[in-house]
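I have placed the structure first, in the form of structure tokens, so that the comments after it can refer back to it.
Number of protein chains: 2
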Amino acid sequence: MKLQSPYLLFLGDARDPFAIKLARGVVDWRPELAIGEYSLPECQITTGLKQLSISQAKAQGAKSLVLGLANSGGTIQENWITTIRAAIAAGFDIISGMHQALNAMPELVALAKEHGVTLNDIRHPKQHFTTGTGEPRSGKRLLAVGTDCSAGKMYTTLAIQRELAKLRPCTFRATGQTGILIAGEGVAIDCVVADFISGAVESLSPDNADDHWDIIEGQGSLFHPAFAGVSLGLLHGAQADALVLCHVEGRASMRGLANQPLPDIATTMAVNLQAARLTNPNAKFVGISVNTSSLDDTAAQAICDKYAAEHNLPAVDPLRHSVAPIIENICAI
Amino acid sequence: MKLQSPYLLFLGDARDPFAIKLARGVVDWRPELAIGEYSLPECQITTGLKQLSISQAKAQGAKSLVLGLANSGGTIQENWITTIRAAIAAGFDIISGMHQALNAMPELVALAKEHGVTLNDIRHPKQHFTTGTGEPRSGKRLLAVGTDCSAGKMYTTLAIQRELAKLRPCTFRATGQTGILIAGEGVAIDCVVADFISGAVESLSPDNADDHWDIIEGQGSLFHPAFAGVSLGLLHGAQADALVLCHVEGRASMRGLANQPLPDIATTMAVNLQAARLTNPNAKFVGISVNTSSLDDTAAQAICDKYAAEHNLPAVDPLRHSVAPIIENICAI
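Protein sequence lines correspond, in order, to chains A and B.
6 is the number of the first residue of the first sequence in my numbering; add one for each residue after it.
6 is the number of the first residue of the second sequence in my numbering; add one for each residue after it.
Here is the structure:
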């Protein structure tokens, strides 16, 4: 998979900040890769990049159109097709993180062939996986887990990897489409055949030097009725030495499910630790990452201090505070 | 998917009774579907059916060759190909429960086309699934869970469905390839894309009459490092009112993993109940199913009595004992 940059980020008709996670992630972590955004008139969100038409972006050197948005089923919407076709006709590669594959749409495949461009379905693993074994691997591993989906696991692990890299050899291991776009490689773990979830994570994070850390992006939550299976396979395959708990302060219910209440932090940690110990008896929590975006600075600090005291662990918002106290715990393992 | 019977069961080079689960299941539950078996010289196992060559089976009216064996990776072995080709050339449909699809092997696809026969990959779901919601559904559901894989979940649920059908409307819901071959429909849940595990189970067991029971075949174990993600998604999607614990007496380690010890029954029940209650707060165990095949009748009865007393639940081996005490608990819900 060779992704051609720079990107034009397509936001479609997104109306929810969570829907443009893919575009947002690139802007926040690899801003040099994106030169603009393009959205439909009904779109109510922006990444903050300038709005560029397909032809303007082409003139400025963009090489790929990134479908920078997501929806629950991962389907390519009818009202995105005109834009995708125009981008192909203008000579752009297309990069998609949707479940529904561009390469399974004959009309787009034919158009791409005609214009000599590539359709990159980054959510579709091309590797051949085997089933997990649970056998210990050399090197150290950290995994982010959460009270919910979309709880800041990617941002947390990227922030930790950036800081830890100053002290230890370490690698960010992407398990979702945004992480893959940022890292340039990885496995979209929610798109792996169910039998191979933990096996795929084992292969994503192979034997390594004893002092090397894999910083593995988490997915879902053991408490989300749709995605808990993915989270459990990821937890078993990661064999994490260190776990970080991610939580969104103030969220009223599980992402996408108004009737499903959020678990509390203590319960989430206990259940994850119990499950993690199946493949790594030494698994332990090294910190709590709180998404405090709904709070002002004072309230954000106060809630982090409260969680730190309650759970006897460093608690920070990696977008507001230093992750140094978590790094200290990691380095002590 | 329309499977043509009767079947000739191909056992390949199987050397392990577990490897021929698919063939065994058909013989035990739908014997009228199979007229014989065919195995390679190095095969050390039999279903007890008479050995028939491709041409003998053809002469006796067989319509499909069933790849009646499995291996851990689910790949179609090189040394099976000659048999598969011969069967296609003789006009047989091929039925496979392997991960590796017959329909992804161009040489077999071409040969099948030439002879006008069908390659049935029953492990490859063709349905379009959505992500799970956890929303309650009408009707009642039972799910088998286990201390391990290959612990008798399919036999247990088939036995329960057969007995319960005398008292209540009920349907066996197949989640594995053998169950699908027996039931004629279902979803091979370990072959679903990971994001849709629980959603697929929700669609497999839809709203139904209030007094109707879906008897859902279980898969894997929350304690198996390779397959726990599948088991958890299945548990959440099933929203089971009733759970049955399946256990193989005397097994030394988790299936396929010599270094992974088995959990005890009490722990397995506690962890399953905790997870099940995320989507059905009323979930409860109604019985224990013990595979006592390693014991004589007296020892089998003794171990069942012991488990019944320890866990205050009926404990039976459905191949040796009546499942009536479990049915009684189900009917009381």
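Every residue gets a Cβ at the ideal spot worked out from N, C-alpha and C, and that includes glycine.
Since the structure is predicted, the reported quantities are computational estimates derived from the model, not experimental observations.
Within 10 angstroms of the beta-carbon of leucine 237(B) lie 16 or more other beta-carbons, which makes it buried. Setting aside the 5 residues that flank it on each side, alanine 91(B) is surrounded in the same chain by Ile59, each with a C-beta closer than 6 Å to its C-beta; the list follows chain order.
Proximity to cysteine 251(B) across Ala67(B), Leu227(B), Arg167(B), Gly234(B) peaks at Leu227(B), based on C-alpha coordinates. Under the Cβ criterion (8 Å, minimum of three pairs), the segment 180–189 of chain A does not count as touching the segment 110–121 of chain A. Taking a beta-carbon distance threshold of 8 Å, valine 31(A) does not count as an interface residue toward chain B. Interface criterion met: the Cβ of cysteine 196(A) is under 8 Å from a Cβ in chain B. Glycine 204(A) sits away from alanine 288(B), with the two beta carbons spaced by 8 Å or more. Rounded to whole angstroms, glutamine 82(A) and valine 71(A) show a C-alpha spacing of 14 Å.
Proximity of the segment 48–56 of chain B to the segment 17–27 of chain B meets the contact definition, three or more beta-carbon pairs being nearer than 8 Å. Taking a Cβ-Cβ cut-off of 9 Å, histidine 252(B) has no neighbours in chain A, whose nearest Cβ is about 18 Å from it. Distance between valine 291(A) and alanine 75(B), taken at the CA atoms: about 42 Å. Excluding residues up to 5 positions away in sequence, Ile165, Glu168, Leu169, Leu172 lie with their Cβ nearer than 8 Å to the Cβ of isoleucine 332(B) in the same chain. Comparing alpha carbon positions, the residue from Ala95(A), Asp310(A), Val328(A) closest to glutamate 119(A) is Ala95(A). The beta carbon of glycine 139(B) falls within 8 Å of a beta carbon belonging to chain A, placing the residue at that interface.
The DSSP-derived three-state label of glutamate 140(A) is coil. In the structure shown, the three-state DSSP call for leucine 16(A) is strand. Contact between proline 268(B) and threonine 162(B) fails: their C-beta atoms lie close to 21 Å from each other, not under 8 Å. With a threshold of 16 other beta carbon atoms within 10 Å, arginine 260(A) meets it and is buried. When DSSP reads this structure, isoleucine 100(A) sits in a beta bridge with Val71(A), Asn125(A). For a cut-off of 8 Å, the C-beta gap from alanine 39(A) to valine 32(A) is around 6 Å, short enough to register as a contact. CA-to-CA, the gap between valine 192(B) and threonine 136(B) works out to about 15 Å. In this structure glutamine 265(B) touches glycine 139(A) by the C-beta definition: roughly 6 Å separates them, less than 8 Å.
Counted as a single uninterrupted DSSP element, the stretch harbouring histidine 133(A) is not any beta strand (DSSP E), since DSSP gives it neither H nor E. Not a single C-beta of chain B is nearer than 8 Å to the C-beta of threonine 162(A). Alanine 199(A) reaches chain B at Ile194, Asp195, Cys196, Val197, Val198, Ala199, Ile202, Gly234, Val235, Gly238, counting residues in chain order whose Cβ is nearer than 8 Å. When DSSP reads this structure, glycine 292(B) sits in a beta bridge with Val249(B). Identification of chain B residues near glycine 78(A) by a Cβ-Cβ cut-off of 8 Å yields Thr135, Thr136, ordered along the chain. Cα atoms of histidine 104(A) and leucine 147(B): separation of roughly 31 Å, rounded to the nearest angstrom. For glutamine 265(B), the closest Cβ of chain A is nearer than 8 Å. Residue contact with chain B for proline 111(A): absent (no Cβ-Cβ distance below 8 Å to any residue of chain B). Here glycine 255(B) is exposed. Its C-beta has fewer than 16 other C-beta atoms within 10 Å. The residues Leu38, Lys68, Ser69, in chain order, have a CB closer than 7 Å to that of serine 10(A) in the same chain once the five nearest residues on each side in sequence are set aside. DSSP places tryptophan 218(A) in the uninterrupted beta strand (DSSP E) bounded by 218–221.
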